[in-house]
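Note that the protein sequences, when read in sequence, are chains A and B.
The numbering used here applies: residue 5 is where the first sequence begins, and numbers increase by one.
The numbering used here applies: residue 5 is where the second sequence begins, and numbers increase by one.
In this text, a Cβ means the ideal position worked out from N, Cα and C, and glycines have one as well.
Remember, it's a predicted structure, so these values are computed and weren't measured experimentally.
Number of protein chains: 2
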Amino acid sequence: MRVGFVGLGTMGAPMARRLLAAGHDVTVHNRTREREEPLAAAGAARAATPRECAVGREVVFTMVSDTPDLEAVVVGEDGAVHGLEPGSVLVDMSTVAPAATRRLAGELAARGVAMLDAPVSGGSEGAENGTLSVMVGGEAEALERVRPLLEVLGRTITHVGPSGAGQVAKAVNQVIIAGTYASVAEGMALALRAGVDQEALLRALAGGAAGSWVLSNRAVNMLRGEYPLGFRTRLHRKDLGIALAEASDLGVSMPVAAYVAQLESGLVGRGYGDEDVSNVARVVREMAGIDD
Amino acid sequence: MRVGFVGLGTMGAPMARRLLAAGHDVTVHNRTREREEPLAAAGAARAATPRECAVGREVVFTMVSDTPDLEAVVVGEDGAVHGLEPGSVLVDMSTVAPAATRRLAGELAARGVAMLDAPVSGGSEGAENGTLSVMVGGEAEALERVRPLLEVLGRTITHVGPSGAGQVAKAVNQVIIAGTYASVAEGMALALRAGVDQEALLRALAGGAAGSWVLSNRAVNMLRGEYPLGFRTRLHRKDLGIALAEASDLGVSMPVAAYVAQLESGLVGRGYGDEDVSNVARVVREMAGIDD
Numbered sequence: 005m006r007v008g009f010v011g012l013g014t015m016g017a018p019m020a021r022r023l024l025a026a027g028h029d030v031t032v033h034n035r036t037r038e039r040e041e042p043l044a045a046a047g048a049a050r051a052a053t054p055r056e057c058a059v060g061r062e063v064v065f066t067m068v069s070d071t072p073d074l075e076a077v078v079v080g081e082d083g084a085v086h087g088l089e090p091g092s093v094l095v096d097m098s099t100v101a102p103a104a105t106r107r108l109a110g111e112l113a114a115r116g117v118a119m120l121d122a123p124v125s126g127g128s129e130g131a132e133n134g135t136l137s138v139m140v141g142g143e144a145e146a147l148e149r150v151r152p153l154l155e156v157l158g159r160t161i162t163h164v165g166p167s168g169a170g171q172v173a174k175a176v177n178q179v180i181i182a183g184t185y186a187s188v189a190e191g192m193a194l195a196l197r198a199g200v201d202q203e204a205l206l207r208a209l210a211g212g213a214a215g216s217w218v219l220s221n222r223a224v225n226m227l228r229g230e231y232p233l234g235f236r237t238r239l240h241r242k243d244l245g246i247a248l249a250e251a252s253d254l255g256v257s258m259p260v261a262a263y264v265a266q267l268e269s270g271l272v273g274r275g276y277g278d279e280d281v282s283n284v285a286r287v288v289r290e291m292a293g294i295d296d
Numbered sequence: 005m006r007v008g009f010v011g012l013g014t015m016g017a018p019m020a021r022r023l024l025a026a027g028h029d030v031t032v033h034n035r036t037r038e039r040e041e042p043l044a045a046a047g048a049a050r051a052a053t054p055r056e057c058a059v060g061r062e063v064v065f066t067m068v069s070d071t072p073d074l075e076a077v078v079v080g081e082d083g084a085v086h087g088l089e090p091g092s093v094l095v096d097m098s099t100v101a102p103a104a105t106r107r108l109a110g111e112l113a114a115r116g117v118a119m120l121d122a123p124v125s126g127g128s129e130g131a132e133n134g135t136l137s138v139m140v141g142g143e144a145e146a147l148e149r150v151r152p153l154l155e156v157l158g159r160t161i162t163h164v165g166p167s168g169a170g171q172v173a174k175a176v177n178q179v180i181i182a183g184t185y186a187s188v189a190e191g192m193a194l195a196l197r198a199g200v201d202q203e204a205l206l207r208a209l210a211g212g213a214a215g216s217w218v219l220s221n222r223a224v225n226m227l228r229g230e231y232p233l234g235f236r237t238r239l240h241r242k243d244l245g246i247a248l249a250e251a252s253d254l255g256v257s258m259p260v261a262a263y264v265a266q267l268e269s270g271l272v273g274r275g276y277g278d279e280d281v282s283n284v285a286r287v288v289r290e291m292a293g294i295d296d
């Protein structure tokens, strides 16, 4: 298919590369233009703006950092909307505010362009290996048209509802992750202070009601006080901000998520934002004096 | 083996029954004596006191509700300690304070009796099916002597350290469960208010970093606002109290666990203590006005 791809960061670049490798005709654009070069070397065309990147394309992907970036590349002065043709589909894979997604989808619909919100989980490793989990909001018909492309990028493609529902699902994902990390960190701090056999403890917990991806994959690092990536704290903090704002708009109170957001704000402010989000354990360990 | 079993509640009764069915010579005692009758009908001998229940036994199990109950049945006036013979083993499968366990183990050791703390997870279903997870603290040698009996009761028997370590592991288990339930409840409240396809959402989340036993086994009930057992809120609240006291003794701060304990205190006080602990979602839903 004729594909445009806007946003070649840690996630976007390997995704665009996979689409190229799968034989699609891919044009790329990135605000910092040098990032386009490795993709061009691999066979992609380059576009000077999101608008140019959208001209003549059946599907345009966006993968940017936050809501304002998405608004700029879609409806800004040189935004994709000015290049997209009626009947084309914009697939936004960024994590942004559900309300902004719905607003943009409305603007695009008025011009005959379908928009899907399709945020992902699985990190840069998932982007490279095509094993992302993609949560899709929008019209089922548009999803079916782009599904072959999404299947190049992800292992599970789940349609979770109308426009914005993909972003809501991602927000729910990040809320659950927040509290699970904090709880496992509290449990590990107690274990460290009480002095149990750590390996045996993790073995005993893993199969029961305390079991989780976080426990299986991050508890050992928390016990060691090491936080290799994984998923950056500052990005999870950004996502939690979106989730908390959405919850606030809907009148939903999420004290645990709000508390973890505060822990993460402190970590980001102290320069730990590029560590893995499991570093909430750093604060919990500090509160227990484990590294004194 | 010649076995005594003290405490025939929801957990203890099926455990004693399994030991009988496995061919062991079992004497039982329960404070409310009528509870002994079904076990006696199945072939157990009855003892009028914990002391009597311990006489001539190689191994005595205790399965009671809380720390004071354990102290009463072990070192009270008619406690097992007065009947236990040197060389025997007391296996306490209750969930109690680690400090109390260590104190009792010390008193028993002075009389030549080994004590293991061996709290379990897996609920009454696990007790009936012999699929409990058993976290054992104490001497490895004593554990090896009773392991054939524990294997009748549980599927995984994990030695997690010296006396008290089993109780610490159980405390860590309950701390992690607390925050995981609360986080999944917050995520589900957001999902309910935002209106996504619930079944698709759970499918999308289950395989990723938000995945947990709680998400897989309790999120559907939280979405429905139904809280069938499972594990009683008042018992989890009791266990969290033990974990928070232990944490406090050790100088470990656990704000998420403390917050969930407060939610559970409210639920117990309002008469919901016999519902499943997933009813923390009841409060989270109330805070979001979902059932208004």
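- Residues of the segment 184 to 214 of chain A with a C-beta atom less than 8 Å from some C-beta of chain B are 184, 186, 187, 188, 190, 191, 192, 193, 194, 195, 197, 198, 199, 200, 201, 204, 205, 207, 208, 209, 211, 212, 213, 214, listed in chain order.
- Per DSSP, the unbroken alpha helix (DSSP H) holding residue 254/B starts and ends at 237 to 254.
- Assignment of residue 125/B by DSSP, reduced to helix, strand and coil, places it in the strand class.
- Only residues of its own chain outside the window of five on either side were considered, and among them 8, 9, 10, 12, 20, 40, 43, 44, 48, 49, 50, 51, 57 have a CB closer than 8 Å to the CB of residue 32/B, listed in chain order.
- Residue pairing from DSSP leaves residue 287/A without any beta-bridge partner.
- Annotation for residue 226/B: the continuous alpha helix (DSSP H) segment containing it runs 217 to 228.
- Around the beta carbon of residue 22/B, 16 or more other beta carbons lie within 10 angstroms, which makes this residue buried.
- Within chain A, not a single residue places a beta-carbon under 7 Å from that of residue 147/B; the smallest gap is close to 12 Å.
- Here residue 64/B is not near residue 205/A, since their CB atoms are 8 Å or more apart.
- In the DSSP annotation of this structure, the continuous segment of the alpha helix (DSSP H) that includes residue 73/B starts and ends at 71 to 79.
- Around residue 259/B, the beta-carbon contacts reaching into chain A at under 7 Å are 263.
- Contact of residue 126/A with chain B by beta-carbon distance below 9 Å involves 212, 213.
- Between residue 96/A and residue 70/A, the C-beta gap is not smaller than 8 Å, which leaves the two residues out of contact.
- Within the segment 166 to 182 of chain B, contact with chain A at the beta-carbon level (separation under 7 Å) is assigned to 169, 172, 173, 175, 176, 177, 179, 180, 181, 182.
- One finds nothing in chain B with a Cβ atom closer than 9 Å to the Cβ of residue 129/A; even the nearest lies about 12 Å away.
- Following the DSSP letters along the chain, one finds residue 161/B inside the beta strand (DSSP E) bounded by residues 158 to 165.
- Contacts with chain B at 8 Å (Cβ-Cβ) do not include residue 28/A.
- Per DSSP, residue 184/A lies in no beta strand (DSSP E) segment; the continuous alpha helix (DSSP H) that holds it begins and ends at 169 to 198.
- Contact of residue 292/B with chain A is assigned, a C-beta pair being separated by under 8 Å.
- Using beta-carbon distances, residue 162/A counts as an interface residue toward chain B, with a partner under 8 Å.
- The C-beta separation of residue 167/B from residue 106/B comes to about 5 Å, placing the pair in contact by the 8 Å criterion.
- Nearest to residue 172/A by C-alpha distance, out of 208/B, 198/B, 183/B, is 198/B.
- By the C-beta criterion, the segment 264 to 284 of chain B is judged to be in contact with the segment 243 to 256 of chain B, since at least 3 inter-stretch pairs fall below 8 Å.
- Residue ranges of uninterrupted alpha helix (DSSP H) with 4 or more members, entirely inside the segment 81 to 133 of chain B and ordered along the chain, are 102 to 113, 127 to 133.
- Contact fails between the segment 247 to 254 of chain A and the segment 222 to 238 of chain B, because fewer than three Cβ pairs, one in each stretch, are under 8 Å apart.
- In this chain, the alpha helix (DSSP H) harbouring residue 260/B covers 259 to 273.
- A buried status is given to residue 102/B, since no fewer than 16 other beta-carbon atoms sit within 10 Å of its beta-carbon.
- Per DSSP, the beta bridge partners of residue 139/A are 162/A.
- In its chain, beyond the 5 residues on either side, 71, 74, 75 have a beta carbon closer than 8 Å to the beta carbon of residue 104/A.
- The beta carbons of residue 170/B and residue 140/B sit closer together than 8 Å.
- Ranked by Cα distance from residue 6/A, the options 55/A, 34/A, 37/A, 60/A are led by 60/A.
- For residue 123/B, not one C-beta of chain A is nearer than 8 Å to its own C-beta.
- Identification of chain B residues near residue 109/A by a Cβ-Cβ cut-off of 7 Å yields none; the smallest Cβ-Cβ distance measures about 15 Å.
- The alpha-carbon of residue 158/B is positioned some 40 Å away from that of residue 295/B.
- Closer than 8 Å to the CB of residue 44/A there is not a single CB belonging to chain B.
- Secondary structure note for residue 8/B: its beta strand (DSSP E) is the uninterrupted segment 6 to 10.
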